[in-house]
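Participant: Got a structure for you, written out below as C-alpha cells; questions coming shortly.
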Amino acid sequence: DQAFQEVALQGHAVRLCLDRAGLVGGDGAVHHGFCDLSMLRVFPGAALTAAIDEPSLRAAMEFMRTYDAGLSAVRYPRDDVSDRFAADCPPFELGRARPLITHDAPDLAILGYGVMAIEAAAAIDRLEGEYKIDLYDARFAKPVDLDLIRALVDRNVPILTVEDHGLEAGFGSCVTDACLDAGIDPRRITRLGIPGRWIYQASRRAQLEECGLDAASIARTVRTILDGHATIETTAPAARVNERTTAESVNRAP
Numbered sequence: 076d077q078a079f080q081e082v083a084l085q086g087h088a089v090r091l092c093l094d095r096a097g098l099v100g101g102d103g104a105v106h107h108g109f110c111d112l113s114m115l116r117v118f119p120g121a122a123l124t125a126a127i128d129e130p131s132l133r134a135a136m137e138f139m140r141t142y143d144a145g146l147s148a149v150r151y152p153r154d155d156v157s158d159r160f161a162a163d164c165p166p167f168e169l170g171r172a173r174p175l176i177t178h179d180a181p182d183l184a185i186l187g188y189g190v191m192a193i194e195a196a197a198a199i200d201r202l203e204g205e206y207k208i209d210l211y212d213a214r215f216a217k218p219v220d221l222d223l224i225r226a227l228v229d230r231n232v233p234i235l236t237v238e239d240h241g242l243e244a245g246f247g248s249c250v251t252d253a254c255l256d257a258g259i260d261p262r263r264i265t266r267l268g269i270p271g272r273w274i275y276q277a278s279r280r281a282q283l284e285e286c287g288l289d290a291a292s293i294a295r296t297v298r299t300i301l302d303g304h305a306t307i308e309t310t311a312p313a314a315r316v317n318e319r320t321t322a323e324s325v326n327r328a329p
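Counting from 76, one number per residue, gives the positions in the sequence shown under the numbering used here.
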C-alpha cells in the first residue's frame, strides 16, 4: 500500500533497496523475496533493476539517484556474491542489458536477472566444448532490453531467462509480455525461475538446487532446449534429470 498510494500514485521518485531478493536460505519461506517484481512492475514509470555484485549494486544505486520519472528499485540477495565480472562494470542505462559472454554465432543466449547471471556463467563453464552460449546481465526487468531481444530473435537464437523470482509475473514474464506488446515472436523464449510452490528452510545452495536454479540444473535446461534431452550431471540427483517444473516454455517452436 505504501509503494502504491504514497509513492507511485503521488509520482514520487523514491528509491527502494530490496535486500533478501530471491531465495534466502536459513531464514525460511517467510523471508523469500520471490514476488517483488510482480507487485512493482504494474506501477507506471517504475524502473526495476537487479545487481549481480558490489560494483553492479553501486552502479544501480547511481542510476536510481538520477532517475526521477517514478519509483525505482534494485534487488540483491542475502548471500555472498561473486567478483567474476566485477572488474569492468559500466554505468546502468535505462532498459539496457550488459553483455558478459558473447560469440559470433551463439547457439543460445541466457538473460540472467541479478545474481542468477553468475550461476548461469557457471553453467556455461559446464557446457564449454558442447555449445556456444551468450550471457547477458539483464539489469532491468522494467523496461527490458527490447533491442537486444529483437536482435536475438531476428538471428533465430533461442533465449533462456533465469531469475530467482517466482515465474508468474517475474522477469521472464516481463520479457515475454514486452515481446508480445512489440510484435516480437516469443516462441523461442524459455523461462527458468522459482516454481509455484513453497520452498522451505534449507541452505540457499540447496534451495537453488531444489528450484533447478543451480549451475548443473541450468546446464541441463540448456541441453534440453538445444538437444531435446538432458544429460546427467554428477552433482545432481538422477531423479531430477528430466524435471521441468521450473522451466516454462512459451509455445516454443520445434
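Note that CB positions come from ideal geometry on N, CA and C, so glycine has one too.
Using alpha carbons as the reference points, say which of Ala126, Pro261 and Leu91 lies closest to Asp212.
Facilitator: Ala126
Participant: Cβ of Ala180 versus every heavy atom of the ligand GTP: is any distance shorter than 7 Å?
Facilitator: Inclusion of the ligand GTP in the displayed structure is not the case, the ligand content being empty and no account of it being possible.
Participant: With Arg173 and Pro165 assumed to form a contact (beta carbons below 8 Å), what rounded beta-carbon distance in angstroms separates them?
Facilitator: 6 Å
Participant: To the nearest angstrom, how far is it from the Cα of Val82 to the Cα of Asp179?
Facilitator: 44 Å
Participant: What is the C-beta distance between Leu115 and Ala148, in whole angstroms, given that I count them as a contact (C-beta under 8 Å)?
Facilitator: About 6 Å separates the two Cβ atoms, so the contact holds.
Participant: In chain order, what are the residue ranges of uninterrupted beta strand (DSSP E) at least 3 long that sit wholly in the stretch 226-298?
Facilitator: 234-241 and 264-269
Participant: Return the chain-ordered list of same chain residues with a C-beta closer than 6 Å to the C-beta of Tyr142, the five sequence neighbours on each side being excluded.
Facilitator: Ala122
Participant: Look up Ser131 in the DSSP assignment and give the residues it is bridged to.
Facilitator: In DSSP, Ser131 forms no bridge with anything.
Participant: Determine the DSSP secondary structure at Ser113, reduced to helix, strand or coil.
Facilitator: Three-state DSSP puts Ser113 in a helix.
Participant: Is DSSP giving Thr177 helix, strand or coil here?
Facilitator: Thr177 falls in the coil class under three-state DSSP.
Participant: Could you check which residue in Phe167, Ile199, Leu288 and Asp200 has the C-alpha nearest to that of Ile274?
Facilitator: Leu288
Participant: Among Asp239, Ala135 and Glu285, which one has its Cα closest to the Cα of Ala96?
Facilitator: Asp239
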